[in-house]
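Novice: If you use the numbering used here, the sequence shown closes out at 362, no skipped numbers anywhere.
Here's a structure for you.
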Amino acid sequence: MNETMRPEPRRSSPLAGMVDDLSGVALATEDDWPALGRYRAANARLNGVPQKLVFLGDSITEMWQAADPAMFGRGIVNRGIAGQTAPQMLLRFMADVVSLTPRAVHLMAGTNDIAGNTGPATVVDYQNHMLAMVALAQAHGLRVIIGSIPPMTTVPWRREIDAVAARVVELNHWLRALAVGRGFVHADYHAVLAAPDGGMHAAFTTDGVHLSDTGYRRMRPIARAAVAAALKT
């Protein structure tokens, strides 16, 4: 995973308009690389009321809100940002997760790390960033859900990257081991989305990476079970 950053292209999915409308504020800028300002106003509107659970992630998480709004609300908030990598999520973990005083956090990152969206990144770099977020969560008494990286065989905006499916599998094996070893909840989205070739089943994706409405419906029971498990105590 040592490729350099390139921006994601505009997409034609039914949800793309939502992402395009947010592009001016959702993506990192030179003076706000982790996009700390993206949810500042939304966080303030919560008025310090403790939340149940925060979904932290990239575009797959961000677009989930429009695709399946019933997943959110009633103390479950979405803090996904299109194009983000694990180091960017780490830098906003305090502002967008801990400051909301949730009981649990759902972490899903890795697609854009494989794509090299924020520059060169090794497997160890990715692991260190995930471990740092986990450490912050545990230090503040949060239950952790580790979401697997959805399947893909190519990165549409970085088609020169090879062995993409194998990279996803490698990181997912580590994520599963992390969840099992630490007693976290593991949400295996990869297993229910994957086609035999290691990519995402055509019915579940708009471009091989991002999910269709059908794809989000496929993820729903996995996510709901994970949330219930994380909040049961």
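The beta carbon of each residue, even a glycine, is placed where N, CA and C say it ideally should be.
Small disclaimer: the values here were computed from a predicted structure and weren't measured.
1) Report all residues from its chain with a CB closer than 7 Å to the CB of LEU304; omit the five preceding and five following residues, and keep chain order.
2) Does the stretch 204-213 come within contact of the stretch 250-257, defined as at least 3 CB pairs closer than 8 Å?
3) Start and end of the alpha helix (DSSP H) containing ALA238?
4) Here's a check: name, in chain order, each residue in its chain whose Cβ is nearer than 7 Å to the Cβ of MET262, leaving out the five neighbours to either side.
5) Classify HIS302 as helix, strand or coil using the three-state DSSP reduction.
6) Which two residues bound the contiguous beta strand (DSSP E) that contains PHE184?
7) For the putative contact between ALA324 and HIS315, defined by C-beta atoms under 8 Å, what is the C-beta separation to the nearest angstrom?
8) Just mark ASP363 as buried or exposed, buried being the case when its beta carbon has 16 or more other beta carbons within 10 Å.
9) Buried or exposed: ALA215, going by 16 or more other Cβ atoms within 10 Å of its Cβ?
10) Count the other CB atoms, across all protein chains shown, that sit within 10 Å of the CB of ALA359; report buried if there are 16 or more and exposed otherwise.
11) Looking only at its own chain, which residues have a Cβ that is under 6 Å from the Cβ of ASP150, when we skip the five neighbours before and after it?
Specialist: Here's the rundown:
1) ILE275 and SER277
2) no
3) It is not in any alpha helix (DSSP H) - ALA238 carries neither H nor E in the DSSP assignment.
4) MET218, LEU219, PHE222 and LEU236
5) helix
6) 182-186 is the span of the beta strand (DSSP E), which, as asked, contains PHE184.
7) About 21 Å; that fails the 8 Å criterion.
8) Within the shown structure, residues of the chain are numbered from 130 to 362, placing residue 363 beyond reach of any answer.
9) Classified as buried, ALA215 has 16 or more neighbouring CB atoms from the shown chains inside 10 Å of its CB.
10) buried
11) Bear in mind that a pLDDT of 35 at ASP150, under 50, signals an unreliable position, so the model cannot answer this.
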